[in-house]
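> Here the protein sequences come in this chain order: A and B. Just so you know, we're using the numbering used here here: the first sequence kicks off at 759 and counts up by one. Just so you know, we're using the numbering used here here: the second sequence kicks off at 759 and counts up by one. Below is one structure. I have some questions about it.
Number of protein chains: 2
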Amino acid sequence: MLDDLDRRLLEILVKDARTSLKELAAQVGLSSPSVSERLRRLEERGVIRAFTVEIDPLALGYTLQAIVRIRPLPGKLHIVQKLIEEIPEFGECDKVTGDDCFVARLFVRSIGDLDGILDRIADKAETSTAIIKAQPIRRRPPPLAAASPRDRAGVLPAS
Amino acid sequence: MLDDLDRRLLEILVKDARTSLKELAAQVGLSSPSVSERLRRLEERGVIRAFTVEIDPLALGYTLQAIVRIRPLPGKLHIVQKLIEEIPEFGECDKVTGDDCFVARLFVRSIGDLDGILDRIADKAETSTAIIKAQPIRRRPPPLAAASPRDRAGVLPAS
DNA sequence: GACGTCGGTCAAGATCGTCCAGCATTTTAC
DNA sequence: GTAAAATGCTGGACGATCTTGACCGACGTC
């Protein structure tokens, strides 16, 4: 589904999405039209979801980040989810198994803002908030290497 | 620190980091050398951390994502942190306040892999794992609008 | 073995980015 | 208050890059 050349292209683009086709071509040993075509297909297939820019939240005044675990009150799940989606300060939200229904990342400019936002869901869900003190690993993609046959084994090959 | 033109450029680039200088220039009403210079400074100042590509983990065979809360055993904090950093399947890790010291995102290709990775830290930390069932909000930047004077008020202006 | 498809190259014309000179505005220094 | 310096912009020229279209070879199918 994804050959070695594709993976090498992705690897380069993860580091710099603005790398020129010519440069990409040179690094993987193809012509630039071929690279262009490969990128087009990677986008088309949804392998590449977007070319984007990573912005330092601090530069925008967001001095605080928090991880918020959210447990909607009975019957409020959909309202809560909609609310979260509509609050732009939520920069990420996952729906997970377990007691906490949602785990979300919140960007705020002050403790006051944090309180203000949590207040907006306080009557529809229980929340536990953890302030982020440091980021040992910032968002990065998983390894691009091809799945080994062993990896493809799937569930519980032995233990 | 960031003027309105910068914010508009960032907004365009968040959607497509490969937008040409000429197109950027046209959209914000500048010449391309000016845009080029602005981007250069945004990078230099660290506002733009990177131009990157967002890849669908599924395309790489990562069929499962999990949020793992990690509480290192006494004295093991640094070893655990190092270990997390070295395991490439961790796609994100935040050090937070509260009982859980770290909250991390894990990309795996199978339940077997999940088990294998958690085993590697099991003797140095307690972990709680929540499998991601859905992603109501995928990574997005916080609002780019300028901080309002009110926002700049900071901590506890009243409540 | 003919044929369609897929993925590649090459070359040319169109487009784009960078460099530079020049200009207006703002800031700094006195 | 004014001169000098710094900043940030523009436009045009030129070299680099991208796109397009014509063509080719490998491969699988009938």
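Glycine is no exception: its CB is placed at the ideal position from the N, C-alpha and C atoms.
Among all the DSSP beta bridges, which residues are the ones paired with Cys-851 of chain B?
Position 93 of the second sequence holds residue 851 of chain B. Paired residues: A:Ile-895, B:Ala-862.
> So, are the CB atoms of Ile-845 of chain B and Arg-878 of chain B less than 8 Å apart?
Taking the first residue of the second sequence as 1, we reach residue 845 of chain B at position 87. Taking the first residue of the second sequence as 1, we reach residue 878 of chain B at position 120. Contact: yes.
> Across which residues does DSSP place Leu-760 of chain B in a beta bridge pair?
For the purposes of this step, residue 760 of chain B is taken as the residue at position 2 of the second sequence. None, per the DSSP bridge assignment.
> Hey, how far is the Cα of Gly-874 of chain A from the Cα of Ser-868 of chain A?
In the first sequence, counting from the first residue as 1, residue 874 of chain A sits at position 116. In the first sequence, counting from the first residue as 1, residue 868 of chain A sits at position 110. So the alpha carbons of these two residues sit roughly 10 Å apart.
> Straight-line CA distance for Leu-771 of chain A to Leu-768 of chain B?
In the first sequence, residue 771 of chain A corresponds to position 13, counting from 1. In the second sequence, residue 768 of chain B corresponds to position 10, counting from 1. Taking the straight line from one Cα to the other gives about 18 Å.
> For Arg-910 of chain B, which of helix, strand or coil comes out of DSSP?
Sequence index remark: in the second sequence, residue 910 of chain B carries index 152 (1-based). For Arg-910 of chain B, the predicted structure reports a pLDDT of 46, less than 50, and the residue's modelled location is therefore unreliable. The matter cannot be settled from this model.
> For Val-793 of chain A, which three-state DSSP category applies?
The residue labelled residue 793 of chain A in the question sits at position 35 within the first sequence. Helix at Val-793 of chain A.
> In angstroms with no decimal places, state the Cα-to-Cα distance between Ala-880 of chain A and Asp-881 of chain B.
Numbered from 1 along the first sequence, position 122 holds the residue referred to as residue 880 of chain A. Numbered from 1 along the second sequence, position 123 holds the residue referred to as residue 881 of chain B. Cα to Cα, the separation comes out at about 37 Å.
> Is it buried or exposed, Thr-810 of chain B, if we count other Cβ atoms within 10 angstroms and call 16 or more buried?
Numbered from its first residue, the second sequence carries residue 810 of chain B at position 52. Answer is buried; the Cβ neighbour count reaches 16.
> Alpha carbon to alpha carbon, how far is Gly-804 of chain A from Glu-795 of chain A? Give it in angstroms, no decimals.
For this step, residue 795 of chain A is matched to residue 37 along the first sequence. For this step, residue 804 of chain A is matched to residue 46 along the first sequence. About 14 Å.
> Using only the alpha-carbon positions, how far apart do Asp-762 of chain A and Leu-800 of chain A sit?
The count along the first sequence starts at 1 and reaches residue 762 of chain A at position 4. The count along the first sequence starts at 1 and reaches residue 800 of chain A at position 42. Answer to the nearest angstrom: the Cα atoms are 13 Å apart.
> When we look at the beta-carbon of Asp-857 of chain B and count the other beta-carbons within 10 Å, is it buried (16 or more) or exposed?
Position 99 of the second sequence, counted from the first residue, corresponds to residue 857 of chain B. Exposed, by the Cβ-count rule.
> Along chain B, which residues have their Cβ under 8 Å away from the Cβ of Ala-905 of chain A?
Indexing the first sequence from 1 puts residue 905 of chain A at position 147. Correct list: Leu-818, Gly-819, Arg-867.
> Going by other Cβ atoms of all chains shown within 10 Å of its Cβ, with 16 needed for buried, is Leu-816 of chain A buried or exposed?
Position 58 of the first sequence, counting from 1, holds the residue named residue 816 of chain A. Leu-816 of chain A should be labelled exposed.
> Just confirm the distance between the C-beta atoms of Cys-851 of chain A and Ile-895 of chain B, as a whole number of angstroms; I'd bet it's less than 8 Å.
Counting from one through the first sequence, the residue named residue 851 of chain A turns up at place 93. Counting from one through the second sequence, the residue named residue 895 of chain B turns up at place 137. At roughly 4 Å, the Cβ-Cβ gap stays under 8 Å, so Cys-851 of chain A and Ile-895 of chain B are in contact.
> Opposite Arg-827 of chain B in the DSSP bridges: which residues?
By one-based count along the second sequence, residue 827 of chain B stands at place 69. Note: Arg-827 of chain B sits in a beta bridge opposite B:Val-861, B:Ser-886.
> By DSSP's criteria, Thr-810 of chain A is part of a beta bridge. Which residues make up the other side?
Working through the first sequence from its first residue, we reach residue 810 of chain A at position 52. Its beta-bridge partners are B:Thr-810.
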